[in-house]
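Heads up, the thing below is written out as C-alpha cells.
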Amino acid sequence: MSIAEVKEIIKKFMAEGEYVGAAPFGSGHINHTFLVNMKREDGSTVDYVLQRINKNVFKSPEKLMENYVAVTRFIREKIEKMGGDPMREVINVIPTVDGGYFAIDSEGEYWRLLVYVTDSLSYDKVERPEQFYESAVAFGNFQYMLRDYPAQTLHETIVNFHNTPDRYRQLMEAVENNAAGRLSEVEAEVEFARARFDFAHTLENAHSEGRLPLRVTHNDTKLNNILFDINTGAPLCVVDLDTIMPGYSVNDFGDSIRFGATTALEDERDLSLVNFDLSLYELYVKGFIEGAKGGLTEGELEMLPIGAIMMTFECGMRFLADYLNGDTYFRVHREGHNLDRARNQFKLVSDMEAHLDEMRAIVKKYS
Ligand SMILES: Nc1ncnc2c1ncn2[C@@H]1O[C@H](COP(=O)(O)OP(=O)(O)O)[C@@H](O)[C@H]1O
Ligand SMILES: [Mg+2]
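Under this note's numbering, the first residue of the sequence shown is numbered 447, with each subsequent residue one higher.
Here it is as C-alpha cells:
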C-alpha cells in the first residue's frame, strides 16, 4: 500500500480538511493502519486513523463494520450522558461521502476511517503487573458500558468462535481423521480432552439455564488494544473492535487470564516452567470487577474462574486438533510446535483446576 493510494482513498470519507501526509501507524499485526494528517482552511490540523481491514482474517467486512458502528455509537451515547469526552473515550467512525462506513478501493480492499484519539498511547507488552491490572479495568469497563446492549442483535462474524463443545467436536473429528498420522503420539492429550467432555458444556449449559447472559465481547483483550491517556496514564478506551460479537463476559476475562496469568510463553516446552500465576490472576480479577462497576451478574462473577479454565482448555484443544490435522491453521516454526502449545495449555488447565478454590475465593473477595 503506497501513500499515494492513501491520498486517494481518504477522499471517499467525510474527513475534515485537505490531505497533508500519511505514515504507517501502530504495531498491530492484523490490519494495515495509517495515521493521516489533514489541514483545515483555518490552518489548524486534524489527524485520522485509516485502516485497511484484513479480508483474509475477516471474511465479512460489512457485518464487521455494522457491529463496529452500532457498538461504538451506543458507547458514545453513554459517554455523552455521563458527561465524558466522546472523542477520546470511544472510537468514532467517520462516514464515507455516500453515507457508508467503509470504502472499497480499486483492488477490492475495505477501508475505514477513525478519529485519531489525541494524547493517547498504547503499550505492546505488559512490562509491569499494574498494566495487566489496568487492562482488566479497561475491559471490565467495556462490559460496564455495554451491560444493557442487546447482544443478540450483533452479527456472529466468526461463527462458533468460543463454542467450546463445538471445538471439542472438531478435535474429535481430527482424532477420527488422523490426517497427519500423528494420533499415536498424542493419546495422553486426547484422553485429557475426553475427560473434560462434560466440563466443555458448562458455559453453554449455564447460558441455556439463564445463569449466564449473552454479552458484547471483545475477543482480543490484549494490552495493545487499549489506549491510555498520555497525561493521566489512565485507560481511555478500547480499540481493535473487529472481533466484537455476542458471547460471554467470562470468556473475555478468561482469555486474558489464559495469556496473562501464566509464568511462561504459550509455546514453552519445559512444562515445569509453565504455571498458573495466582497473583496476576488476582490483579486481573480486581481490575475487571472494579471496571465493571457492578455490571456483572452473580452468575457471571461465579463463573469467572470457569471462563479462565474454559478458554485455556479450548485453546489447547485447538492446538491439538491443528497438530492432528497437519498444522493447517496456526503458523508453526518447528516440528511439533502445535503439540508443544497444546501441552502447555493443558498444563495450565491442570494447574488452574488445582487452584479452583483459591480462584473462587479471590473473586468473592472483590465482588
Ligand atoms: N483511533 C485511534 N486513535 C489512536 N490510536 C489508534 C486508534 N486506533 C488504533 N490505534 C493504534 O493503532 C494500533 C493498531 O490498531 P488496531 O485497531 O489494534 O489494529 P490491529 O487489528 O492491526 O491490531 C493500536 O494498537 C493503537 O496503538
Ligand atoms: Mg490491535
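Backbone N, C-alpha and C define an ideal beta-carbon position, used for all residues, glycine too.
With a threshold of 16 other beta carbon atoms within 10 Å, residue 676 falls short and is exposed.
Annotation: residue 604 to residue 693 spans about 11 Å, alpha carbon to alpha carbon. Short note on residue 497: C-beta closer than 7 Å to some heavy atom of ligand 1.
Residue 593 and residue 577 have their C-alpha atoms some 24 Å from each other. Ligand 2 has no heavy atom closer than 7 Å to the beta-carbon of residue 753. Only exposed fits residue 656, as fewer than 16 other CB atoms lie within 10 angstroms of its CB.
Note that the C-beta distance between residue 706 and residue 757 is not below 8 Å. Assignment of beta-bridge partners to residue 483 by DSSP yields 467, 493.
Excluding the 5 residues flanking it on each side, residue 737 has same chain C-beta neighbours closer than 6 Å at 583, 586, 587, in chain order. When the five nearest sequence neighbours on each side are left out, the beta carbons in the same chain lying within less than 7 Å of the beta carbon of residue 480 are those of 452, 468, 469, 470, 471, 496, in order along the chain. Around the CB of residue 663, 16 or more other CB atoms lie within 10 Å, so the residue is classed as buried. Per DSSP, residue 558 is one residue of the beta strand (DSSP E) stretching across 556-561. In this structure, the beta-carbon distance from residue 652 to residue 614 does not fall below 8 Å. When the Cα atoms are used, residue 607 and residue 529 turn out to be separated by approximately 35 Å. Scanning its chain for C-beta atoms nearer than 6 Å, with the 5 sequence neighbours on each side dropped, one finds around residue 683 the residues 535, 536, 673, in chain order. In this chain, residue 672 is not harboured by any alpha helix (DSSP H); it is covered by the beta strand (DSSP E) spanning 672-675. Contact between residue 507 and residue 548 holds, since their C-beta atoms are separated by about 6 Å, short of 8 Å. The stretch 794-804 and the stretch 713-733 touch, with three or more beta-carbon pairs separated by less than 8 Å. The residue among 750, 735, 788 with its C-alpha nearest the C-alpha of residue 768 is 788. DSSP lists 675 as the bridge partner or partners of residue 566. Here residue 542 is bridged, per DSSP, to 459. Comparing C-alpha distances from residue 550 to each of 463, 456, 475, 600 shows the shortest one belongs to 456. Each residue's CA atom was taken as its position, placing residue 499 and residue 477 some 5 Å apart. When secondary structure is reduced to three states using DSSP, residue 528 falls in the coil class, being assigned neither helix nor strand. Residue 728 holds the alpha-carbon nearest to the alpha-carbon of residue 807 among 728, 514, 689. For residue 660 and residue 450, the gap between their C-alpha atoms comes out near 44 Å. Between residue 713 and residue 783, the gap from beta carbon to beta carbon is short of 8 Å. For residue 663, the enclosing beta strand (DSSP E) stretches over residues 661-663.
Rounded to the nearest whole angstrom, the C-alpha separation of residue 691 and residue 589 is 12 Å. Within the stretch 674-723, complete beta strand (DSSP E) segments of at least 3 residues are found at 681-684, 691-693, given in chain order.
For residue 686, the Cβ falls inside the 7 Å cut-off from some heavy atom of ligand 1. Under the 10 Å beta carbon count, residue 620 is surrounded by 16 or more other beta carbons and is classified as buried.
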